Amino acid sequence: MTTVYDVAIIGGGHNGLVCSAYLAMAGLRVVVLERRGVVGGAAVTEEFFPGFRNSVAAYTVSLLNPKIIRDLDLAGHGLRVIERPLANFLPLEDGRYLKVGQGRTSDEVAKFSRRDAEKLADYDARLQAVADVLRALVLQTPPNVVEGRPLAALGELIRAGRAAQALRRLGLESQRELLALFTASAGGYLDGWFDSDPIKAVFGFDGVVGNYASPYTPGSAYVLLHHCFGAVNGRKGAWGHAIGGMGAITQAMARAAAAAGVDIRLASPVREVLVEKGRAAGVVTEPGERIFARAVVANVDPKLLYLRLIDPAALPKDFRRRVETYRCGSGTFRLNVALSELPDFTALPGRTLGEHHAAGIIIAPTLAYMEQAYFDARTSGWSRRPIVELVIASALDDTLAPPGQHVASLFCQHVAPKLPDGSSWDDHRERVADLMIATVDAYAPNFARAVLGRQIFSPLDLERTFGLTAGDIFHGALEPGQLFSARPILGHADYRGPIPGLYMCGAGTHPGGGVTGAPGHNAAREIVRDFRRGRAGLVPPI
Ligand SMILES: Cc1cc2nc3c(=O)[nH]c(=O)nc-3n(C[C@H](O)[C@H](O)[C@H](O)COP(=O)(O)OP(=O)(O)OC[C@H]3O[C@@H](n4cnc5c(N)ncnc54)[C@H](O)[C@@H]3O)c2cc1C
87 MTTVYDVAII GGGHNGLVCS AYLAMAGLRV VVLERRGVVG GAAVTEEFFP GFRNSVAAYT
147 VSLLNPKIIR DLDLAGHGLR VIERPLANFL PLEDGRYLKV GQGRTSDEVA KFSRRDAEKL
207 ADYDARLQAV ADVLRALVLQ TPPNVVEGRP LAALGELIRA GRAAQALRRL GLESQRELLA
267 LFTASAGGYL DGWFDSDPIK AVFGFDGVVG NYASPYTPGS AYVLLHHCFG AVNGRKGAWG
327 HAIGGMGAIT QAMARAAAAA GVDIRLASPV REVLVEKGRA AGVVTEPGER IFARAVVANV
387 DPKLLYLRLI DPAALPKDFR RRVETYRCGS GTFRLNVALS ELPDFTALPG RTLGEHHAAG
447 IIIAPTLAYM EQAYFDARTS GWSRRPIVEL VIASALDDTL APPGQHVASL FCQHVAPKLP
507 DGSSWDDHRE RVADLMIATV DAYAPNFARA VLGRQIFSPL DLERTFGLTA GDIFHGALEP
567 GQLFSARPIL GHADYRGPIP GLYMCGAGTH PGGGVTGAPG HNAAREIVRD FRRGRAGLVP
627 PI
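According to our numbering, the sequence shown holds residues 87 to 628 in order.
This is the structure we're talking about:
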């Protein structure tokens with residue numbers, strides 16, 4: 087007998103899981119179809135070398151929404167997140183270093199500029215005031231642009247009014263800050279605040295993470311802000327570590343979903359969305375199984391959904407053309423390494439565990455260095471002097487590596503998503519991995535020889551393994567034309583696709599990428615609303 091579900095979700099990434107749990111808690115019959123043998127999408131913990139486990143893609147947590155943690159009782163399902171003792175460590179070639187962390191940053195920055203140190207508190211307060219606005223909008227459906235439906239348009243106008251109200255409460259000076267953060271470049275914004283390079287490099291790094299652009303590209307300041315709207319255990323803006331790795335988050339989500347009654351099917355790649363009589367009617371899996379559902383929700387990115395899983399004839403032509411030009415390709419290269427010992431930094435010597443080992447270690451001393459890395463990648467595919475963040479998760483979590491040994495993530499920014507000479511990443515992966523390791527080795531000369539094993543993800547590998555189009559870690563660039571009411575595409579910011587009964591719940595929808603759970607939460611709210619209202623043309627009533 088064929089099972090008919092209320093909702094079939096394509097993809098068991100964290101947003102698919104969150105969405106499924108909320109839908110099941112609302113009484114809907116839900117199936118999640120995940121292509122891989124494990125749920126979690128880019129938020130997974132895997133053994134990548136015998137005896138060594140790591141968060142193999144996403145590796146650090148902050149943006150995961152506290153309401154979702156509570157609603158799904160993720161703590162009850164085993165999740166524990168701890169804050170890093172030190173947020174960042176920036177070793178410099180001249181033997182100096184900068185440490186950034188609670189109560190420390192001011193003294194550290196003063197080593198380079200007293201004036202910058204004095205400005206820190208004001209900078210932080212202004213940024214957090216704007217981040218508060220973003221926090222308030224994260225769990226809201228953005229105002230959607232609708233055509234030809236006066237009642238719906240009125241509803242959207244009210245929604246827009248509510249969002250504008252939140253902005254008005256900011257006051258004029260903070261509104262100016264907000265305008266700058268949504269339009270300016272991260273570099274220009276930081277140059278306006280600070281003089282010394284190291285603090286600009288640490289803050290500016292957030293502006294290039296997952297953003298294949300120069301730190302001086304207009305709009306990059308938003309990406310910096312995007313990395314600030316989270317919290318760890320209530321401390322705003324902090325980044326932390328999930329004990330057991332990022333997979334601990336998604337395993338807890340999967341347990342919450344299963345407890346609510348969701349069917350989670352692993353190794354179940356979806357080949358096609360079934361469209362019957364102009365509405366989504368279910369999915370077809372790779373082996374050809376047809377699974378019928380009254381609504382279909384896509385956790386995959388918009389390009390993958392609309393260009394590969396849906397018959398072009400079922401989509402409005404203009405919409406498909408927009409999806410083709412949707413900008414995807416975050417320029418990310420990712421390595422996991424098993425280490426025989428901790429790196430011994432020239433700027434801060436020592437192989438015994440120090441607080442700097444447990445920080446986000448940034449190898450990118452200036453904004454100019456980051457800009458050059460971008461220019462190099464545009465012309466040659468990658469830079470001889472790449473941007474690397476090193477995170478040694480085992481410095482915080484002894485469940486990941488054998489005693490005395492370690493695991494580290496190398497999160498490398500600015501490689502070309504597609505190589506300019508047309509060659510394949512398969513031809514360059516090993517060489518570029520060597521370069522990334524050598525880049526860390528230049529600052530910690532025991533690093534390369536401490537590497538016992540490594541796992542490499544070029545942009546092409548990220549696409550093959552995790553289904554991320556062009557290896558985009560955010561399911562599409564976080565640039566002004568692809569944010570809020572325009573994410574993924576103007577007119578479809580309310581998680582509803584152009585085909586009735588088809589929804590989106592992944593990072594390609596508001597509020598975008600990162601392990602937030604927010605798109606999954608918001609999409610579920612809209613879907614439940616449609617089921618409850620029995621909205622004509624969307625889904626049949628329950
Ligand atoms: C290398 C890397 C580092 C990152 N670092 C961080 C970080 O430290 N902190 C942070 O907050 N964020 C980080 N991110 C971003 C964050 O991980 C993503 O934005 C987020 O995981 C997206 O979640 P999602 O559930 O929307 O989609 P995904 O995690 O992409 O999940 C989509 C799911 O769909 C599945 N799928 C694909 N095709 C099909 C199909 N045809 N049929 C069935 N299933 C399918 C995939 O296998 C996957 O499980 C990182 C991402 C990457 C790649």
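Note that beta-carbon positions come from the ideal geometry of N, C-alpha and C, so glycine has one too.
The model shown is predicted, which means the values in this text are computed figures rather than measured ones.
Among the options, which has the Cα closest to the Cα of residue i?
i	options	result
L546	G567, P402, S416	S416
N101	G598, F617, G620	G598
I168	T269, G257, R321	R321
Y298	R464, R182, L158, F617	R464
A173	R212, I478, I335, F431	I478
G368	V382, V356, P355, E375	V382
E372	V423, E358, C414	E358
R265	H313, A246, L276, V216	Residue 265 is actually Leu in this sequence, not Arg. Measuring from the Cα of L265, the nearest candidate turns out to be V216.
Y392	A366, E132, I473, A379	A366
K403	I585, R573, A144	I585
G567	G137, G331, V409	V409
D484	V130, R221, R139, G126	R139
R170	E242, E259, A324	A324
G278	K205, L505, A246, S509	K205
G333	G127, L554, N422	G127
S271	E120, G290, L150, E242	G290
L223	A211, A203, G247	G247
E457	Y302, R254, D283, K286	Y302
V186	N422, G97, P284	P284
L453	A444, W468, F280	F280
K153	G620, G539, P605	P605
Please indicate yes or no: does the CB of residue i lie closer than 7 Å to some heavy atom of ligand 1?
i	result
F552	yes
Y589	no
E120	yes
L360	no
Y581	no
F497	yes
G123	no
L482	no
P472	no
L486	no
R618	no
H100	yes
R420	yes
Y145	yes
G333	no
H561	yes
N385	yes
V601	yes
Report the three-state DSSP secondary structure of residue i (helix, strand or coil).
i	result
V348	coil
L165	coil
T80	In the structure displayed, the chain extends from 87 to 628; residue 80 sits before or after that span and is not available.
P304	coil
H492	strand
V601	coil
E233	coil
Q337	helix
E372	coil
M522	helix
C314	coil
C498	strand
G539	strand
L588	strand
K363	coil
N101	helix
A622	Note that A622 scores a pLDDT of 42, beneath 50, so its modelled location is shaky; the value from the coordinates is reported in the next line. In the structure shown, A622 sits in coil (DSSP, three-state: anything other than H, G, I, E or B).
N608	helix
F135	strand
Y108	helix
F378	strand
K504	coil
Y209	helix
Segment contact flag, the region 109 to 127 with the region 337 to 350, C-beta cutoff 8 Å, min 3 pairs: Using a C-beta cut-off of 8 Å, the region 109 to 127 makes contact with the region 337 to 350, since at least three inter-stretch Cβ pairs fall below that distance.
The region 485 to 492 touching the region 395 to 405, judged by at least three CB pairs closer than 8 Å: no
Counting pairs of beta carbons, one from the region 540 to 559 and one from the region 510 to 520, are three or more of them closer than 8 Å? Yes: at least three Cβ pairs fall under 8 Å.
How about the region 570 to 580 and the region 443 to 452: do they share at least three Cβ pairs that are nearer than 8 Å? no
Below 8 Å, can you find three or more Cβ-Cβ pairs linking the region 427 to 439 to the region 170 to 186? yes
Any chance the region 197 to 211 sits against the region 547 to 559, with 3 or more Cβ pairs inside 8 Å? The region 197 to 211 is not in contact with the region 547 to 559.
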